[in-house]
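Asks: Structure in structure tokens, see below.
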Amino acid sequence: MDRQREREYDFTEVEERWKKEWVATNPWAAPDFPTGPKRYLVTMFPYPSGDLHMGHVEVFSIHDTIARYSRMQGFEVLNPIGWDAFGLPAENAAIKRNINPKTWTYDNIAKHRASMERLGISFDWDRVFLTCEPTFYRWNQWLFLQLYERGLAYRKAAAANWCPKDKTVLANEQVIAGRCELCDTPVVKKWLTQWFFKITDYADRLLDDMEILTGWTERIKNLQRNWIGRSYGAEVNFSIEGRVEPIRVYTTRPDTLWGATFFVVAPEHPLADELIAGTGKESELEAFREQVGRLTEIDRTSTEREKKGMFTGKHVINPVTGEPIPVWLADYVLMDYGTGAIMAVPAHDQRDFEFARSYDLPVKVVIQPPNETLDGDTMTEAYAGEGSMVNSGEFDGTSTDVSVEKVTQWLEAQNLGSAATNFRLRDWLISRQRYWGTPIPIVYCDECGEVPVPDDQLPVELPEQVDFTPQDEGVAPLATAHEWVNVACPRCGKPAKRETDTMDTFVDSSWYYHRYLDVHNESAPFDPEKDRAWMPVDQYTGGGEHAVLHLIYTRFIQKFLMDIGMTEDPEPFPALLNQGVITMGGKRMSKSRGNVVEPVEAFERYGADALRLYMLFSGPPEAPFDWPDEGVRSIGRVTAPWLQRVWRLCEDVADMPVAPDDATRGPAELALRKFLHRTIKVATRDYENFSFNTIVARLQELVNEAYRYRAVGGNNRGILLEVVESLLLLLAPMTPYLTEEEWRRLGHDESIHDQSWPEYDPTLAAEDEVTL
RNA sequence: GCCGGGAUGGAGAAAUCUGGUAAACUCGAUGGUCUCAAACACCAUUGCCUGAAAGGGCUUGCGGGUUCGAAUCCCGCUCCCGGCACCA
858 MDRQREREYD
868 FTEVEERWKK
878 EWVATNPWAA
888 PDFPTGPKRY
898 LVTMFPYPSG
908 DLHMGHVEVF
918 SIHDTIARYS
928 RMQGFEVLNP
938 IGWDAFGLPA
948 ENAAIKRNIN
958 PKTWTYDNIA
968 KHRASMERLG
978 ISFDWDRVFL
988 TCEPTFYRWN
998 QWLFLQLYER
1008 GLAYRKAAAA
1018 NWCPKDKTVL
1028 ANEQVIAGRC
1038 ELCDTPVVKK
1048 WLTQWFFKIT
1058 DYADRLLDDM
1068 EILTGWTERI
1078 KNLQRNWIGR
1088 SYGAEVNFSI
1098 EGRVEPIRVY
1108 TTRPDTLWGA
1118 TFFVVAPEHP
1128 LADELIAGTG
1138 KESELEAFRE
1148 QVGRLTEIDR
1158 TSTEREKKGM
1168 FTGKHVINPV
1178 TGEPIPVWLA
1188 DYVLMDYGTG
1198 AIMAVPAHDQ
1208 RDFEFARSYD
1218 LPVKVVIQPP
1228 NETLDGDTMT
1238 EAYAGEGSMV
1248 NSGEFDGTST
1258 DVSVEKVTQW
1268 LEAQNLGSAA
1278 TNFRLRDWLI
1288 SRQRYWGTPI
1298 PIVYCDECGE
1308 VPVPDDQLPV
1318 ELPEQVDFTP
1328 QDEGVAPLAT
1338 AHEWVNVACP
1348 RCGKPAKRET
1358 DTMDTFVDSS
1368 WYYHRYLDVH
1378 NESAPFDPEK
1388 DRAWMPVDQY
1398 TGGGEHAVLH
1408 LIYTRFIQKF
1418 LMDIGMTEDP
1428 EPFPALLNQG
1438 VITMGGKRMS
1448 KSRGNVVEPV
1458 EAFERYGADA
1468 LRLYMLFSGP
1478 PEAPFDWPDE
1488 GVRSIGRVTA
1498 PWLQRVWRLC
1508 EDVADMPVAP
1518 DDATRGPAEL
1528 ALRKFLHRTI
1538 KVATRDYENF
1548 SFNTIVARLQ
1558 ELVNEAYRYR
1568 AVGGNNRGIL
1578 LEVVESLLLL
1588 LAPMTPYLTE
1598 EEWRRLGHDE
1608 SIHDQSWPEY
1618 DPTLAAEDEV
1628 TL
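All residue numbers for the first sequence refer to our numbering, where the first residue is 858 and numbers rise by one.
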């Protein structure tokens, strides 16, 4: 069109001007009580470990597009933001720079906020909170005490995951393939007394309520199912000479009970001490345990490693055959799953088989496959498939599809055992031997023992005068704050000491989305009335890497809050959108690798709109995106030129004089209108499906059509105005700045972001009939 | 081993739910207009084979099936990605 391009869209000037206005007026503030259809939209609040990175830009672009589209569709929208400001990475970064974690955190939050404003994200800035402020974390302490009162927060000694580098324990979910989630150091087991939240009480509900999660991908639900790991089976009693209580084992195959030829107890099990006592094998047990304890989780769980065991010298009675079978200790049996003891059926379990061959224990076949005859002496691997029972008394001939149920019923009738369910999920270990977190509101008194801090003494504030560097193993930095540690017992008034561990920061994020709804409340974490008005979250967006961390903890705490009457929905986030990971050269962007594209550089060279649109156009939101090698420059090839093209079209139309025949329609005008209305129809459908890349494609076609119309001499201002105004409305959720500027340029006094979504004429939008 | 997801041009992708012209849109590439020149912008070509062209033939990981018609639905494979894994 205008080859000379005397003028160009000055995105820097336009974006700065509107940003200033939006920051000054907070136009997207939401009321506490919506009066019409509502949408509560939450994006996972960021962790301030530096400035925003492209992953944030991606998810905020997606999220903000949904928010702006929802408003134009007539919903009342609440779109808040806050910061997940406590935690280990900030603390480590601060220690490295020899400054207080608070200073470091607040600096980063200021940077984050400036970048969010520059990106034009339509947050309600009146509802901001930081989890590291006492006004927030005192409600973490409240939550802890609520759980404590109901027996769902408890302290126990257990073999905990210990990161030797970060010098703290970690929850199971924070150990990725045997390594620390944060620093990748191999984790070791350490026997410590720690605080736990009893998430296992909610295991069934966490699984069963997944039916409600219709807006979650199979991928994430599958991860959670695997993580929770429910299995059905039976517990069976084995009696032992000289002991009143029988020993229980859990098995998923009670139908193989007749083939149990030995019995194994986890080496750490207290029962091991009992069995060994008086046999003269105490030192051997000690050595064996030490050998097992030295292994990292990676070594211990390696399938290649040969299983090691130790005979106790004791026997238990197989309850169905009446025969004594030897009791062993072995490193392949886990202390914290089932009962910590198993019946070993080497013929039909591969692990038991390998152990039996190593230690020359008998292998007895009790399931015969249909087409061959197994022999325990000659078989080379366990047979775990289907077949019919043999060597099993009255059950001989029973087939596998009914045998488990029949045997379980019989065991119950004989009083030998009962049906049982087990989970892979472990209780959530929330103690951390670190400084930058919520103090656990417990006091230890010599007289009264463990005493919860009464509500009127909350918050237990995090002291500032502390040596916050990690201390020797198992000692928290807060132990160095002597004045803070030593308090009067809340119950008897005698000298006592505070708990010095802090809470896992996943406690903060497990309920934060409620706090937005009542951010200034000083007497409760939130008002259930206000909560009811906005909950549940209609759309949650964020990274899929939290599948078994945040996303499982938060579902648990939501259910708990429902149980105590604070909130009404069993699930906090019925719909979840996980954006794809952004990489460059197939690797995660990182400064040390030198493959980082900085959002700030993109703002300066191409503007926020072009960056947002680039993120949305790159592919479906959930798809991973490998950023081209040329870096920020690729925005200058893809979306920045197209926005200039949109701008020129708008300017062209804005400059056209009003003519008397603007309302007349020839064939070319009709064709363009039909194209426009089809575009509105399809783009609207695509917005509903979050298919942003195809919306952009469709709008590009529309712009191409308009240019073509102009190129062949089309000059009907009426039709062009309809096209351009609709185009701006359809584009407004994705590129808020340019659309606002040009909307005003076309003579409107009100913000484009307050307009209603354009409607299409169904007659015009109908596809032309195709004759087959 | 168990569970889940996926495979379409040189690249990102679209069409898959709801079977109907496969490859929209964009990048890259090639040629052109403009320019002293370059950049920008604009125009054209661009799945593969064949052909001077018109045209013809083939094509959605592989093999079958259903159907007038299959990228799409069904059955059986292969490969890739992700998760879990000594969980009894």
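For each residue, glycine too, the CB sits at the ideal point set by N, CA and C.
What's the call for W1048, buried or exposed, on a 16-neighbour Cβ count within 10 Å?
Replies: The residue you call residue 1048 lines up with position 191 of the first sequence. Burial call: exposed.
Asks: Helix, strand or coil, according to DSSP, for K1055 in the structure here?
Replies: Counting from one through the first sequence, the residue named residue 1055 turns up at place 198. The answer is coil: DSSP assigns K1055 none of H, G, I, E or B.
Asks: Kindly confirm or deny that the segment 911-931 and the segment 1429-1447 touch, where touching means at least three C-beta pairs closer than 8 Å.
Replies: Cβ pair count under 8 Å is three or more, so yes.
Asks: Please report the straight-line C-alpha distance between S906 and S1449, rounded to a whole angstrom.
Replies: The residue you call residue 906 lines up with position 49 of the first sequence. The residue you call residue 1449 lines up with position 592 of the first sequence. Roughly 15 Å between the two C-alpha positions.
Asks: Could you check which residue in E1455, D1041, N1573, G1571 has the C-alpha nearest to that of T908?
Replies: For this step, residue 908 is matched to residue 51 along the first sequence. Checking the sequence, you will find Asp at residue 908 rather than Thr. Ranking E1455, D1041, N1573, G1571 by Cα distance to D908 puts E1455 first.
Asks: Which same chain residues end up closer than 6 Å to M1441 when comparing Cβ atoms and leaving out the 5 residues on each side of it in sequence?
Replies: Along the first sequence, one-based indexing puts residue 1441 at 584. Excluding residues within five positions, the ones whose Cβ falls inside 6 Å are N1452, W1484.
Asks: From the DSSP output, which residues share a beta bridge with L987?
Replies: Counting from 1 along the first sequence, the entry for residue 987 is found at position 130. DSSP output for L987 lists W940 as bridge partner(s).
Asks: List the DSSP bridge partners of L1186.
Replies: Residue numbering aside, residue 1186 sits at position 329 when the first sequence is read from its first letter. For L1186, which the question treats as bridged, DSSP gives the partners V1122, M1167.
Asks: How close, in whole Å, do the beta carbons of I1552 and Y1544 come, if the pair is a contact with beta carbons under 8 Å?
Replies: Working through the first sequence from its first residue, we reach residue 1552 at position 695. Working through the first sequence from its first residue, we reach residue 1544 at position 687. Correct: roughly 6 Å between the Cβ atoms.
Asks: Do V1177 and L1114 have their beta-carbon atoms positioned less than 8 Å apart in this structure?
Replies: As a first step, residue 1114 must be located in the first sequence, where it is residue number 257. As a first step, residue 1177 must be located in the first sequence, where it is residue number 320. The answer is yes: Cβ separation under 8 Å.
Asks: Is it true that the CB of F993 sits closer than 8 Å to the CB of R1002?
Replies: Numbered from 1 along the first sequence, position 145 holds the residue referred to as residue 1002. Numbered from 1 along the first sequence, position 136 holds the residue referred to as residue 993. The identity of residue 1002 in the sequence shown is Leu, whereas the question assumes Arg. Against a cut-off of 8 Å, the Cβ pair of F993 and L1002 comes out as no contact.
Asks: Using the beta-carbon count (16 or more within 10 Å), is E1616 buried or exposed?
Replies: One-based indexing of the first sequence puts residue 1616 at position 759. E1616 should be labelled exposed.
Asks: Tell me the rounded alpha-carbon separation between D1618 and R1530.
Replies: In the first sequence, residue 1618 corresponds to position 761, counting from 1. In the first sequence, residue 1530 corresponds to position 673, counting from 1. Whole-angstrom Cα-Cα distance: 10 Å.
Asks: For P1311, does the count of other Cβ atoms within 10 angstroms reach 16, so buried, or fall short, so exposed?
Replies: Translated into the one-based positions of the first sequence, residue 1311 becomes position 454. It is exposed - the Cβ of P1311 has fewer than 16 other Cβ atoms within 10 Å.
Asks: Considering only DSSP beta bridges, list what T1440 is partnered with.
Replies: As a working note, residue 1440 is residue 583 in the first sequence. Partner(s): R1445, D1483.
Asks: For D1652, which residues of its own chain have a beta-carbon under 6 Å away from its beta-carbon, when the five flanking residues on both sides are left out?
Replies: Outside the shown range of the chain (858 to 1629) lies residue 1652, about which nothing can therefore be said.
Asks: Report yes or no: do three or more beta-carbon pairs, one from the segment 1188-1206 and one from the segment 1116-1123, lie closer than 8 Å?
Replies: Flag = yes, the segment 1188-1206 and the segment 1116-1123 touch.
Asks: So within the segment 1216-1284, which uninterrupted alpha helix (DSSP H) runs reach at least 4 residues, ignoring any that extend past its ends?
Replies: Listed in chain order, the complete alpha helix (DSSP H) runs (minimum 4 residues) inside the segment 1216-1284 are 1257-1270.
Asks: Can we count G1399 as close to the ligand SAM, meaning its CB is less than 7 Å from some heavy atom?
Replies: Because no ligand of any kind appears in the structure shown, any question about the ligand SAM cannot be addressed here.
Asks: Nearest-angstrom Cα distance between A1028 and Q1081?
Replies: The residue you call residue 1028 lines up with position 171 of the first sequence. The residue you call residue 1081 lines up with position 224 of the first sequence. Between A1028 and Q1081, the C-alpha separation is close to 16 Å.
Asks: If you check the beta carbons only, do N1359 and P1296 fall under 8 Å apart?
Replies: Locating residue 1359 in the first sequence gives position 502, counting from the first residue. Locating residue 1296 in the first sequence gives position 439, counting from the first residue. A small correction: the amino acid at residue 1359 is Thr; Asn does not occupy that position in the sequence shown. For T1359 and P1296, yes; Cβs fall inside 8 Å.
Asks: Measure how close the beta-carbons of K895 and W1614 come, nearest whole angstrom, since I'm counting them as under 8 Å.
Replies: If you number the first sequence from 1, residue 895 lands on position 38. If you number the first sequence from 1, residue 1614 lands on position 757. Not confirmed; about 17 Å, so no contact.
Asks: If you run the structure through DSSP and keep just helix, strand and coil, what is C1020?
Replies: Here the question's residue 1020 lines up with position 163 in the first sequence. C1020: strand per DSSP, three-state reduction.
Asks: Distance, Cα to Cα, E948 vs N997?
Replies: Counted from its first residue, the first sequence places residue 948 at position 91. Counted from its first residue, the first sequence places residue 997 at position 140. Distance between the alpha carbons of E948 and N997 is about 19 Å.
Asks: Using 8 Å as the threshold, is the C-beta distance between L1335 and T1357 below it?
Replies: Position 478 of the first sequence holds residue 1335. Position 500 of the first sequence holds residue 1357. Yes, these two residues count as a Cβ contact at 8 Å.
Asks: Could you say if the segment 1209-1221 and the segment 1230-1245 meet the contact criterion of at least three C-beta pairs nearer than 8 Å?
Replies: At 8 Å Cβ cutoff, the stretches touch.
Asks: Classify Q1322 as buried or exposed, calling it buried when 16 or more other Cβ atoms lie within 10 Å of its own Cβ.
Replies: Numbered from 1 along the first sequence, position 465 holds the residue referred to as residue 1322. With fewer than 16 other Cβ atoms within 10 Å, it is exposed.
Asks: What does the Cβ neighbour count give for F890, buried or exposed, with the cut at 16 atoms within 10 Å?
Replies: Position 33 of the first sequence, counted from the first residue, corresponds to residue 890. That one is exposed.
Asks: Do three or more CB pairs link the segment 1271-1289 to the segment 1082-1098 at distances below 8 Å?
Replies: Judged by Cβ distances under 8 Å, the segment 1271-1289 makes contact with the segment 1082-1098, as three or more pairs qualify.
Asks: Using a Cβ-Cβ cut-off of 8 Å (strictly less than) and excluding sequence neighbours within five positions of P1226, which residues of its own chain qualify?
Replies: The residue given as residue 1226 occupies position 369 in the first sequence. Within the same chain, P1226 has close Cβ partners Y1240, G1242, E1243, G1244.
Asks: Along the chain, where does the alpha helix (DSSP H) that runs through V1580 open and close?
Replies: Position 723 of the first sequence, counting from 1, holds the residue named residue 1580. Unbroken alpha helix (DSSP H) run through V1580: 1574-1588.
Asks: Going along the chain, which residues of its own chain have a beta-carbon closer than 7 Å to the beta-carbon of L1533, five neighbours each way excluded?
Replies: For the purposes of this step, residue 1533 is taken as the residue at position 676 of the first sequence. Within the same chain, L1533 has close Cβ partners L1559, E1579, V1580, S1583.
Asks: State the CB to CB distance for the pair G1493 and R1462, rounded to an integer number of angstroms; the pair is presumed to be in contact (CB under 8 Å).
Replies: Stepping through the first sequence from its first residue, residue 1493 is reached at position 636. Stepping through the first sequence from its first residue, residue 1462 is reached at position 605. Right, the Cβ-Cβ distance comes to about 7 Å (below 8 Å), so this counts as a contact.
Asks: Compare the beta carbon distance of H969 and P903 with 8 Å and say whether it is the shorter of the two.
Replies: Indexing the first sequence from 1 puts residue 969 at position 112. Indexing the first sequence from 1 puts residue 903 at position 46. Against a cut-off of 8 Å, the Cβ pair of P903 and H969 comes out as a contact.
Asks: First and last residue of the beta strand (DSSP E) that includes S1088?
Replies: The sequence position of residue 1088 within the first sequence is 231, counting from 1. 1088-1097 is the span of the beta strand (DSSP E), which, as asked, contains S1088.
Asks: In three-state DSSP terms, what is S1288?
Replies: As a position in the first sequence, residue 1288 is number 431, starting the count at 1. Note: S1288 maps to strand in three-state DSSP.
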